[in-house]
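Protein chains in written order, with our numbering: chain A, 378 to 467; chain B, 3 to 347.
The beta-carbon is built from N, C-alpha and C at its ideal position, and this holds for glycine as well.
In what follows, a single structure is set out as structure tokens and then discussed.
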Amino acid sequence: MASAGCTEMAAAGYMLHPACRVRQEGFGLLFYDSRGPRLLFAETGNLLDATFIENLHQENELPVHLTGQQKSSVDKFIRQLLERGFLREQ
Amino acid sequence: MSNRFVEQGLRAPVNLTWEVTLACNLRCRHCLSSSAEPAPDELSTREALDLVEQLHQQKVFQVNFGGGEPFMRHDFMEILGACHERGIMTCISTNGTLIDAELVEQLSRNRLVAIQVSLDGAKKTTCEEIRGKGTYDAAMSALKLLARSPIPTSINTVLTTQNADEIPALSTLAEELGVTLRISRFRPSGRGADNWEELRPNATQLLAFSDWLGRNENIRTGDSFFSLTSQERQGLGLNLCGACKLTCCVDPRGKMYPCAFLQSEFFTAGDLRQQSFKQIWQDAEIFASFRSLRIHSCEDCKRFDQCHGGCPAVAYHLKNDISEGDPECLEKCVTSIADNGVVAA
Chain A
378 MASAGCTEMA AAGYMLHPAC RVRQEGFGLL FYDSRGPRLL FAETGNLLDA
428 TFIENLHQEN ELPVHLTGQQ KSSVDKFIRQ LLERGFLREQ
Chain B
3 MSNRFVEQGL RAPVNLTWEV TLACNLRCRH CLSSSAEPAP DELSTREALD
53 LVEQLHQQKV FQVNFGGGEP FMRHDFMEIL GACHERGIMT CISTNGTLID
103 AELVEQLSRN RLVAIQVSLD GAKKTTCEEI RGKGTYDAAM SALKLLARSP
153 IPTSINTVLT TQNADEIPAL STLAEELGVT LRISRFRPSG RGADNWEELR
203 PNATQLLAFS DWLGRNENIR TGDSFFSLTS QERQGLGLNL CGACKLTCCV
253 DPRGKMYPCA FLQSEFFTAG DLRQQSFKQI WQDAEIFASF RSLRIHSCED
303 CKRFDQCHGG CPAVAYHLKN DISEGDPECL EKCVTSIADN GVVAA
């Protein structure tokens, strides 16, 4: 199950890369990577709060209000962040 | 880079250029802010720390400190420390003359700082012609100390007609030192305006530089060279002017401007002694006008999607109009060379 995958990923100890920052914007989340520097505009709307990403290393659960489909989207999104280097293992 | 998102107006800049003082122990001929003596009414320590807290509240990701020479400010380390305590990333542009082993050790304690040391020639004579006597050795000494530390360090070179031929050698020098090379664009502001004709790179040099940049993707440019650089480089995201969209500038007195090259009364967005950072960023009319700025005269150009008209500051200083296209764009360099009968390499 996709949402379980994400929960497992968070529990497995992923975190925002120390060179990266994230904040809430009207369109969703804005990521900054000082190593480029590069930006990632993530059109996530209200799906995720920036604090969820910032505290990913402490999170064991996805936000409870998310539907199954939304959890699946979040799962995919987190994998993309990992691939692009915005997240890393703790 | 997505124009759609930035044109909506971000809640805060991604990064901020903060010229913390006008005080400088050098008199570089290309200085963008004519730095020399400190301004009489520079922000106090308390005011500067209050600004850091505001930047934190607004979640500004990075502060790029410049001046003047930032280390000339007696409280600079306190301001820097306040940024780091709040997780704000920092980059310091310095001439390197005040950097010694003790300072490097102090700076090394925090991993949120990067340093750019100005060096304007691979040859001592070239560098000192622009920056003054003793500057080459001082910068090299600082670079060697920093290269041995964990601090991400770069040489910062302003491209001028004097050093244009030495850029590949500077790249080699950076590699030998174990630092990176960042090339900045020379713009006609501050003392740079007084010495513009003497120092500006010519069209052939700009074109050669563009070609060289295209073949050296590890070189950082960081500012509006997107108007000059090859298409391949546009993939790095340097394809629009970030002023008022992604960045802005705070001067030593707390006045805010679109960028460091447009620090005049006309471009003043607000005064941090009278308004909050958030208010100025969100409400200043001059910022709104930059966010909606369209360089219509460039729209038919085949490179428009790559540069969106280039640097408004250069257009302003040379044509007195920010809505004119960048006078130094790649296409204009080609035209200029063709008109003068010079064959481009």
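Length of the line joining the Cα atoms of residue i and residue j
i         : j         : result
SER151(B) : ASP139(B) : 19 Å
CYS383(A) : LYS321(B) : Residue placement at CYS383(A) is flagged as unreliable, the pLDDT there being 48, under the threshold of 50; the coordinate-derived value follows with that caveat. In a straight line, the C-alpha of CYS383(A) is about 55 Å away from that of LYS321(B).
HIS58(B)  : VAL8(B)   : 20 Å
GLY123(B) : PRO170(B) : 10 Å
GLU431(A) : LEU393(A) : 6 Å
ASP426(A) : GLU21(B)  : 33 Å
LYS135(B) : GLU420(A) : 52 Å
PRO314(B) : SER266(B) : 14 Å
ILE157(B) : LYS448(A) : 45 Å
SER232(B) : LEU51(B)  : For SER232(B), the pLDDT reaches just 48, beneath the cut-off of 50, and the residue's location in the model is therefore unreliable, leaving the point undetermined.
GLU87(B)  : PHE78(B)  : 14 Å
ALA166(B) : TRP198(B) : 15 Å
VAL65(B)  : ILE117(B) : 12 Å
ASP253(B) : LEU24(B)  : 9 Å
ALA271(B) : ALA317(B) : 19 Å
SER191(B) : GLN281(B) : 27 Å
SER278(B) : SER35(B)  : 24 Å
THR263(B) : ARG189(B) : Rather than Thr, the amino acid found at residue 263(B) in this sequence is Phe. Computed Cα separation, rounded: 7 Å.
GLY237(B) : ALA290(B) : Summary for GLY237(B): the model assigns pLDDT 45, below 50, so the residue's position carries little reliability; its value from the coordinates is reported in the next sentence. Rounded to the nearest angstrom, the two C-alpha atoms are 27 Å apart.
GLY239(B) : PHE73(B)  : Reliability of the predicted coordinates at GLY239(B) is poor, the pLDDT of 45 falling under 50, and no value is obtained from them.
THR163(B) : CYS129(B) : 12 Å
ARG13(B)  : GLU402(A) : 6 Å
GLY390(A) : GLU301(B) : 48 Å
ASN220(B) : CYS251(B) : 27 Å
ARG29(B)  : GLY69(B)  : 12 Å
CYS93(B)  : ASN423(A) : 32 Å
Where residue i falls: helix, strand or coil (DSSP)
i         : result
VAL496(A) : This structure cannot settle anything about residue 496(A), because the visible part of chain A is limited to 378 through 467.
SER338(B) : helix
ALA38(B)  : strand
LEU393(A) : strand
THR47(B)  : helix
GLY239(B) : Model confidence at GLY239(B) stands at a pLDDT of 45, short of 50, so the residue's coordinates are unreliable and nothing is read from them.
GLN277(B) : coil
SER95(B)  : strand
LYS247(B) : coil
GLU402(A) : strand
GLY312(B) : coil
GLN233(B) : A caution first: GLN233(B) carries a pLDDT of 47, below 50, which makes its placement in the model unreliable, though a value can still be read off. It is helical.
GLY272(B) : strand
ALA205(B) : helix
ALA286(B) : coil
CYS300(B) : helix
GLU326(B) : coil
PRO440(A) : coil
GLN56(B)  : helix
Expected contact under 8 Å - CB spacing of residue i and residue j to nearest Å
i         : j         : result
ALA176(B) : LEU147(B) : Actually they are not in contact, since the Cβ atoms of ALA176(B) and LEU147(B) sit about 15 Å apart, beyond 8 Å.
LEU201(B) : HIS32(B)  : 6 Å
VAL62(B)  : LEU18(B)  : 6 Å
ARG296(B) : LEU332(B) : Contact doesn't hold; Cβ gap of about 20 Å is too wide.
VAL16(B)  : LEU274(B) : That pair is no contact at about 19 Å.
THR159(B) : ILE185(B) : 5 Å
Counterpart residues of residue i in DSSP-defined beta bridges
i         : result
ARG184(B) : ASN158(B) and ARG222(B)
SER212(B) : For SER212(B), which the question treats as bridged, DSSP gives no partner whatsoever.
ASP410(A) : CYS397(A) and ARG415(A)
PHE67(B)  : TRP20(B) and ILE94(B)
VAL252(B) : TRP20(B) and MET258(B)
ALA317(B) : According to DSSP, which records beta bridges pairwise, ALA317(B) is partnered with nothing at all.
ALA25(B)  : ALA38(B)
Residue range of the alpha helix (DSSP H) that includes residue i
i         : result
LEU175(B) : 169-179
LEU82(B)  : 78-87
ALA141(B) : 137-149
ARG465(A) : Unbroken run through ARG465(A) is the beta strand (DSSP E), 464-466; no alpha helix (DSSP H).
GLY194(B) : 193-196
ALA166(B) : Segment: none, ALA166(B) is in no alpha helix (DSSP H) and carries neither H nor E.
VAL106(B) : 103-110
CYS129(B) : 126-133
The beta strand (DSSP E) enclosing residue i, as first and last residue numbers
i         : result
THR19(B)  : 17-21
ALA116(B) : 115-120
ALA419(A) : 415-419
LYS257(B) : 257-259
PHE429(A) : That residue, PHE429(A), is in no beta strand (DSSP E); its alpha helix (DSSP H) goes 427-431.
Near the ligand MN: residue i beta-carbon under 7 Å from a heavy atom
i        : result
LEU45(B) : The ligand MN is absent from the structure shown, which contains no ligand whatsoever.
Partners in chain D for residue i, counting only beta-carbon separations shorter than 8 Å
i         : result
GLU466(A) : Given the protein chain composition of this structure (A and B), no chain D is represented.
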